[in-house]
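Going left to right, the sequence shown walks through residues 53 to 433 as this note's numbering numbers them. Backbone N, C-alpha and C define an ideal beta-carbon position, used for all residues, glycine too. Let me begin by presenting the structure, written as structure tokens, before commenting on it.
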Amino acid sequence: MKTRKLLMIPGPTPVARSIQDQMGRETVAFGDPAFVKDFKELIEDLKVMFKCSGEVFVLAGSGTMGMEAAIANVTKKGDDVLVVSNGFFGDRFIDICSRKGLNVDVLSAEWGDTVPVEKIREKLKEKKYAAMTVTHVDTSTGVCAPVAEIGEMMKEFPETIYIVDGVCATAGEPEYVDDMNIDILFTGSQKAFGVAPGLTMIWANQKALERRKSLGTIPESYVDFEKWIPIMHDPSKYYATPAVNLVWALKESVRIMKEEGLENRYERHKKYAKAMQSALEALGFKLLAKEGCRAVTLSNLVYPEGTDDAKFRGLLAEEGIMVAGGLGPYAGKMFRLGHMGNIDKHDLVSVIATVERAAYRAGMNVELGKGVAIVQKSLVE
Ligand SMILES: *Cc1c(COP(=O)(O)O)cnc(C)c1O
């Protein structure tokens, strides 16, 4: 018999049975009154839960489309944009902005670290930036940026739109759009929301919406906020077909979150991250993210000297978990383990035990049960 394979990459994350069931429902017309009601409630919930007094958009597309939409709606060709990058996904904005004909300045951190807030402030003083992007959790490094602190600082720069990429953070790391002074936040369905890939959720506050208006007609159509505002206010209207079953799946994921309580969900992520990270360190892996800026949604683990990446991840797959490899300068040197969304204590214990078996079989010097004991202790403390 084959061992079940747990999906522990940093997105897609495990999809709960009740969420899968929503995707298996018979598809209805987007104008179906019951569906329209469900979609409306979902939009309202997303606004309230993430404290956004502006608009929420739920669109078919992946997280990268959220990046493109954020830029498209608040900048025009020739504008200056500041990209604050803590890794691979931060850098992705450089390409998106350059293609649009924006002048891009980049502040990069060394992989494993974040750009200090003071450095961002100094840079913002240099010229009038139309927008600034910050990746909340960069999945390539496992680093978490201080988005609330940056938001506070952004009050000094009212002409710059503050864009936060929450793709690997939203619903795992605390994010409150109004309170954190975020102008645009976006995420994808397949990360901490625990839904299959296919939806982008975008929160846009008043400042961003006003900027969009001031731009007149923009070159993009599908990601244009102005096209979608009437639909998000009344989903029985049509602009482009919504992903009906994914919308239902997202609604179920939101129901699960409300049942758990968002604050409890954030606490759970923190607790699980601490348990996993201390256990993995004890097994001989090194966390790439520095202490003080570690994400709670995933861990990026640098191998001990001499570990064969392909072999190790192959053994992990055989033993029953899928993890992701390192990106960029850490390709072959690290693996990435997601621990976000709708996972529970069973998953954590299984995952750490599986890592131990794979490490043992790979010839690493591990004591079987050592990581499991640490996770167990963390879970009962
Ligand atoms: C996964 C991810 C993306 C890209 O999302 P896709 O759904 O793969 O397009 C962007 N930013 C961050 C931080 C991510 O983790």
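Distance, residue j Cα to residue i Cα
| i | j | result |
| --- | --- | --- |
| residue 171 | residue 160 | 10 Å |
| residue 217 | residue 192 | 13 Å |
| residue 415 | residue 55 | 21 Å |
| residue 328 | residue 291 | 44 Å |
| residue 237 | residue 337 | 33 Å |
| residue 306 | residue 240 | 13 Å |
| residue 83 | residue 275 | 21 Å |
| residue 398 | residue 61 | 17 Å |
| residue 412 | residue 385 | 18 Å |
| residue 231 | residue 255 | 13 Å |
| residue 101 | residue 202 | 21 Å |
| residue 67 | residue 321 | 16 Å |
| residue 264 | residue 126 | 5 Å |
| residue 143 | residue 137 | 6 Å |
| residue 155 | residue 396 | 45 Å |
| residue 103 | residue 79 | 31 Å |
| residue 280 | residue 299 | 15 Å |
| residue 91 | residue 229 | 21 Å |
| residue 197 | residue 323 | 19 Å |
Burial state of residue i (16 or more Cβ within 10 Å)
| i | result |
| --- | --- |
| residue 431 | exposed |
| residue 313 | exposed |
| residue 309 | buried |
| residue 271 | exposed |
| residue 403 | buried |
| residue 242 | buried |
| residue 362 | exposed |
| residue 287 | buried |
| residue 64 | buried |
| residue 285 | exposed |
| residue 421 | exposed |
| residue 235 | buried |
| residue 303 | buried |
| residue 282 | exposed |
DSSP three-state assignment for residue i, whether helix, strand or coil
| i | result |
| --- | --- |
| residue 214 | strand |
| residue 276 | coil |
| residue 86 | helix |
| residue 342 | coil |
| residue 354 | strand |
| residue 419 | coil |
| residue 309 | helix |
| residue 238 | strand |
| residue 332 | helix |
| residue 116 | helix |
| residue 142 | helix |
| residue 196 | strand |
Host alpha helix (DSSP H) of residue i (start-end)
| i | result |
| --- | --- |
| residue 388 | That residue, residue 388, is in no alpha helix (DSSP H); its beta strand (DSSP E) goes 386–390. |
| residue 366 | 361–371 |
| residue 171 | 169–178 |
| residue 397 | 397–413 |
Endpoints, the beta strand (DSSP E) within which residue i is located
| i | result |
| --- | --- |
| residue 109 | 107–112 |
| residue 423 | No beta strand (DSSP E) holds residue 423; the alpha helix (DSSP H) holding it covers 422–432. |
| residue 187 | 183–187 |
| residue 253 | 251–256 |
| residue 135 | 132–137 |
| residue 155 | 155–160 |
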